Each structure stands twice: as C-alpha cells, then as structure tokens.
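S.K.: Top line first, the protein sequences correspond to chains E and U. All letters in the first sequence, in the order written, are residues 2 to 285 by my numbering. All letters in the second sequence, in the order written, are residues 2 to 182 by my numbering. All C-beta atoms in this analysis are idealised placements derived from N, C-alpha and C, irrespective of residue type, glycine included. Since the model is a prediction, treat every value here as computed from it, not as a measurement.
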Amino acid sequence: MRNFILFIRRFFNLILFLGLEIVCIVLIARTNNMQGNDIMSSANTVVGLMYQKQNDVVYYFGLRRMNDSLINENAFLRQRLAKYNMYDTLKDSAVHQIVQQKDSTHVIKYADYLYRTAKVVNNSVSAANNYVTINRGSADGIGKGMAVISGTGVVGKVEHVSAHFASVLSVLSVKQKVSAKIKDGTTGYVEWEGNRPDVLLMKDIPQQVKVKKGDSIYTTSYSFFPQDVLIGTVYEIALIKKNSLLLLRLRPSTNFRNLQYVYVVENKMLGERQQLEDSVKAKK
Amino acid sequence: MSTFVKNFLRFCIIMALQVLILNKITLRWWSQPAGFPVFIPYVYPLFLLLLPFEVPVWGLLIIGFLTGLTMDSFANTAGIHACATVLVAYLRTNVLNALMPKNLSEYPNQSPGVKNMGWMPFLVYSSFLILLHHTVYFSIELWSFVNIGYLLLKIIASTLTSMLFIVAYLLLFTRQVNARS
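1) Using a cut-off of 7 Å between C-beta atoms, extract the partners of residue 195 of chain E located in chain U.
2) Under 8 Å, Cβ to Cβ, is there at least one residue of chain E near residue 112 of chain U?
3) Report yes if the C-beta distance between residue 117 of chain U and residue 126 of chain U is below 8 Å; otherwise report no.
4) Establish whether the CB of residue 181 of chain U and some CB of chain E are separated by less than 8 Å.
5) If the cut is a Cβ gap below 8 Å, which residues of chain E does residue 23 of chain U touch?
6) For residue 42 of chain E versus residue 77 of chain U, is the C-beta spacing smaller than 8 Å?
7) Between the Cα of residue 72 of chain E and those of E/195, E/153, E/239, spot the shortest distance and give me the residue it belongs to.
8) Under 8 Å, Cβ to Cβ, is there at least one residue of chain E near residue 76 of chain U?
9) So what does DSSP say about residue 42 of chain E, is it helix, strand or coil?
10) Please list, in chain order, the chain U residues whose beta carbon lies closer than 9 Å to that of residue 13 of chain E.
11) Given a cut-off of 8 Å, decide if residue 162 of chain E and residue 226 of chain E are closer than it, judged by their beta-carbon atoms.
12) I'd like to know if residue 53 of chain E contacts chain U, where contact means its C-beta is closer than 8 Å to some C-beta of that chain.
13) Please list, in chain order, the chain E residues whose beta carbon lies closer than 7 Å to that of residue 150 of chain U.
14) Just to make sure I have the definition right: I need the residues of chain E whose C-beta is within less than 8 Å of the C-beta of residue 45 of chain U. Which are they?
15) Could you tell me whether the Cβ of residue 84 of chain U comes closer than 8 Å to any Cβ of chain E?
16) Are the CB atoms of residue 219 of chain E and residue 230 of chain E within a distance shorter than 8 Å?
17) With 8 Å set as the bound, which would you pick, yes or no: does the beta-carbon of residue 91 of chain U sit closer than that to a beta-carbon of chain E?
18) Nearest-angstrom Cα distance between residue 139 of chain E and residue 104 of chain U?
19) So the candidates are E/19, E/144, E/261, E/244; which of them puts its Cα closest to the Cα of residue 204 of chain E?
20) Report the start-end ranges of each beta strand (DSSP E) in the segment 49-122 of chain U that is 3 residues or longer and not cut off at the edges.
21) Roughly how many whole angstroms lie between the Cα atoms of residue 250 of chain E and residue 185 of chain E?
22) With a 10 Å radius around its C-beta and 16 neighbouring C-beta atoms as the bar for buried, classify residue 120 of chain U as buried or exposed.
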C-alpha cells in the first residue's frame, strides 16, 4: 500500500496528464459519431451570446452585399411564384410544395415544409468540420436534423440546439455527405475533401452519363434537404483511371464565407418517413 | 496588479483576440490566394506559455485543459483543442528546463518572457510548443494521413502566421526597461 501511494506521488503529473488526455479522446470520439453534446458547442448560451454581440457590430459592414443578394433572391422567387399562381401559398407560412412525380399515377403529393429565417452569428470555413451558429433555437421551434439552406443553395444540417441558438454542421464537412442528382436524374453523393471551401466533389458517376461544364447539381428527395435545392455547378470533369468513373468538381452555389441569413427548413413528413424506414430496418 | 488578476486578464484578452478576430481570418477572400490551403493561426496557447514559472505541472495541466475546453466550445471541436493544450502544458516545464541556464526555482515571481530569457530562447521555446500544438490539433482534426502534403502545408502555414502574431504581441506588451541606457 505504501509503495502504491509512493508510486502515485512519484508519477502524479504523468497520471494526471494521461487521465486528461483520455477525457479529451472520449470527448472527440463522442462527437465523431454525430451525437455530440450540446454544452460543448457554440450552441451553448454563453458562447452564442458572445457571437451575437460580435455580429451586432460586424453586421453593418455587410449590408450592401446583403441587399444585393436579397434583391436577386426576390427576383428569383417572383419568377417561380408565377408558376404557382393557382395555389394559395400565402394562407400561412407553411409552403405546400409539389413533389413532382413522373410516374403514370398522376397523384400530386405534397411535402409540407416550414421555412424559418435565422441570422448567422458565427461561421467558419477552415476546419475539417465547419459549423455555422444561428440565432434561433428550440424556443423558436428549431430541432436537431433540420435542413438549413440559404437564398442561393444548401448550407447544412442542425446538429446542436440550445434555447436560443443552434449550431449547424455545414456541407463543408468531411463527415457529412449530401445526396445529389445531375440534370438527367443520376444520383450520387456530394462531399467535401476538407481543404478548399470553394470546391465540392461528386464521386463515382458512370462514364456514360452526359455531364457538361456548367451543369447544376441539385439535392434529391432522399435526404433531409428539400428536393431541388441548388448545391453547385460543375466546373471540372475528371476521369478516374482506376475504376473508369467520373469525378465532378463543383463550385458550391452558397458562398460560405459571407453567409448572413439562412432558412431553417422543417420537413413535417420527415418524422413519419424515418419511422417507416427504421421499422423496415428493424425487421431485417 | 497581482499575478492572478494579470493572468486572468491576459486569458480574456488572448481568447477574445483569437475568437473574435483570428478565427475569422479565413472568412476573408484574401486569406487564401490561388487555392492555398486554408490556414488558421491559433495564438491562444501563448497564454499557457506566459504563465509564471512556479505554477506546478498539475496546475498547468488543469489550466491547459480548461483553456482547451473553452476554445473547443467556441470552435465546435469538442476535445481536440483540449488534447493539444494538455500536451503543451505537460511539456512546458521540460522545454523551459532545457532552455534556461538556471534551475526554474531560482526565478521567483517571474514569468517566461523576452526580458528574462532573451529573444532567441523565447522564440525557440514558443515556436517549438506552438508547432507541437498545431501538429497535434490538425492531425486529430483531419484524422487521416491520406494527403499528408496538405496536412504538412496547413501545419507550417498556420505555425508561421501564429508566430508572426506572437512576435507582434510580444513587441506590443513587453515593457522597454532599458530603452535609453
């Protein structure tokens, strides 16, 4: 016993060091399987408030750019609204978007999306997993797993929520892939390789698919994102010799460097869909 | 000003600088000319490097852990910063022992600085530990050695910019005692 106490006293620093490192590794491992803890994130109230205060100051410097983007978005939305004139979309804030069905049944299906606006208070592009902090939380109806889009394209997925803040794992993340499709309907995954914030990758496209430079890549209805949100445009097509599949390099349509306002999209059907899919998985 | 208050203020100032200004550098377009990998200077370990000599190792470890956790919650990287800072805190005493001519207990009420170490030893001391911190941090963050060139470039670019800011900090906050003699 005495030897044991002497041993502890002799190597106390080393033991403390190893203990703390183990705590860190446990923390890292817990966040890596997508189930992070909310206290240790920028959704935390203190951190969120600090970012909010900073944003209040910096906000004014981006007003001109933001006005331009809002005008562009308005023009785009007016253009789309002209198509839907017969539907009463102004009844409430819920948007009944038609899911286009190209089958022979001609049943029109509605997916109920609820759009909520949120202001970006913190943002990053340099880490391997980038997060955007927004000033809306569970008090405003934001929940984990909701999709986040900007006026120009996809942004990410809500990962941590506190009462008044939420942190969003952006598409610029090595641990998150987005289901995507090319114009002709070929689906695949868009991912990020972890270094440059203006390059996204779409791998494993069969060679016979006709893709041109400048083609747009949209989200599919498979993922948590609403259908047909722009992800980016193709700027380079490379042929991988090893498996003769195409690799597309995309420019993301969202400028992640100057995000100001985003929309948090709640898919009201997602819970039902996930329940069904999980029950199928459980039977296997 | 007591040592405790001084160090606490320094913690607040360095953290605010790191979080509010340096973390945002990558959001500016000029930070990344022609596809150069995104670099980001992490200056906040400087707070650990400037703690007084007589802080025991276990104290350093706990302060380092808390500093890392604070940074983690700002950067949404639970544990990665803490892992790197704990390592820096653990090795700090050994590096200082190797660089200082006298035993560390012979510097009562002093902190490592340019004044009592000289420019060259202090730069060696800080650049070694900052390089270590960046290596550990970026390796864990990327968690693959597939494109090792990119990883190395990111580590080196970030360390160089961090050292630039640290030298600027030292020039600003070191009192010029013998300026006229």
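M.R.: Here's the rundown:
1) For this step, residue 195 of chain E is matched to residue 194 along the first sequence. By Cβ distance, chain U contributes 143.
2) Working through the second sequence from its first residue, we reach residue 112 of chain U at position 111. So, not an interface residue.
3) Against the second sequence, residue 117 of chain U aligns to sequence position 116. Against the second sequence, residue 126 of chain U aligns to sequence position 125. When the beta-carbon positions are compared, residue 117 of chain U and residue 126 of chain U stay at least 8 Å from each other.
4) Here the question's residue 181 of chain U lines up with position 180 in the second sequence. Any answer about residue 181 of chain U is weak, because its pLDDT of 47 lies below 50 and its placement is not dependable; what the coordinates show is given next. No, no contact with chain E.
5) Mapped onto the second sequence, residue 23 of chain U falls at position 22. Here the premise fails: no neighbours, minimum Cβ distance about 11 Å.
6) By 1-based counting over the first sequence, the position of residue 42 of chain E is 41. By 1-based counting over the second sequence, the position of residue 77 of chain U is 76. Result yes, Cβ atoms of residue 42 of chain E and residue 77 of chain U sit closer than 8 Å.
7) Residue numbering aside, residue 72 of chain E sits at position 71 when the first sequence is read from its first letter. Among E/195, E/153, E/239, the Cα nearest to that of residue 72 of chain E is on E/153.
8) To locate residue 76 of chain U, count along the second sequence from 1; it is residue 75. Closer than 8 Å to some Cβ of chain E, the Cβ of residue 76 of chain U qualifies, so yes.
9) Against the first sequence, residue 42 of chain E aligns to sequence position 41. Looking at residue 42 of chain E - three-state DSSP - the assignment turns out to be coil, as it is neither helix nor strand.
10) Against the first sequence, residue 13 of chain E aligns to sequence position 12. In chain order: 58, 59.
11) Counting from 1 along the first sequence, the entry for residue 226 of chain E is found at position 225. Counting from 1 along the first sequence, the entry for residue 162 of chain E is found at position 161. It is not a contact, given that the beta carbons lie outside the stated cut-off.
12) Residue numbering aside, residue 53 of chain E sits at position 52 when the first sequence is read from its first letter. False, the Cβ-Cβ gap to chain U never drops below 8 Å.
13) Residue 150 of chain U sits at position 149 when you count from the first residue of the second sequence. Going along chain E, no residue has its Cβ under 7 Å from residue 150 of chain U, so there is no contact; the nearest lies around 11 Å.
14) Counting from one through the second sequence, the residue named residue 45 of chain U turns up at place 44. Chain E residues near residue 45 of chain U: none, gap ~15 Å exceeds 8 Å.
15) Within the second sequence, numbered from 1, the residue matching residue 84 of chain U stands at position 83. Judged by the 8 Å Cβ criterion, residue 84 of chain U is in contact with chain E.
16) Position 229 of the first sequence, counted from the start, is the residue given in the question as residue 230 of chain E. Position 218 of the first sequence, counted from the start, is the residue given in the question as residue 219 of chain E. Yes, the Cβ-Cβ distance between residue 230 of chain E and residue 219 of chain E is below 8 Å.
17) Within the second sequence, numbered from 1, the residue matching residue 91 of chain U stands at position 90. Yes, contact with chain E.
18) Against the first sequence, residue 139 of chain E aligns to sequence position 138. Against the second sequence, residue 104 of chain U aligns to sequence position 103. Residue 139 of chain E and residue 104 of chain U have their alpha carbons spaced roughly 55 Å apart.
19) What you label residue 204 of chain E is simply residue 203 of the first sequence in a count that begins at 1. Looking at the Cα atoms, E/244 is the closest of the given residues.
20) none
21) In the first sequence, residue 250 of chain E corresponds to position 249, counting from 1. In the first sequence, residue 185 of chain E corresponds to position 184, counting from 1. Answer to the nearest angstrom: the Cα atoms are 17 Å apart.
22) As a working note, residue 120 of chain U is residue 119 in the second sequence. Per the 10 Å Cβ criterion, exposed.
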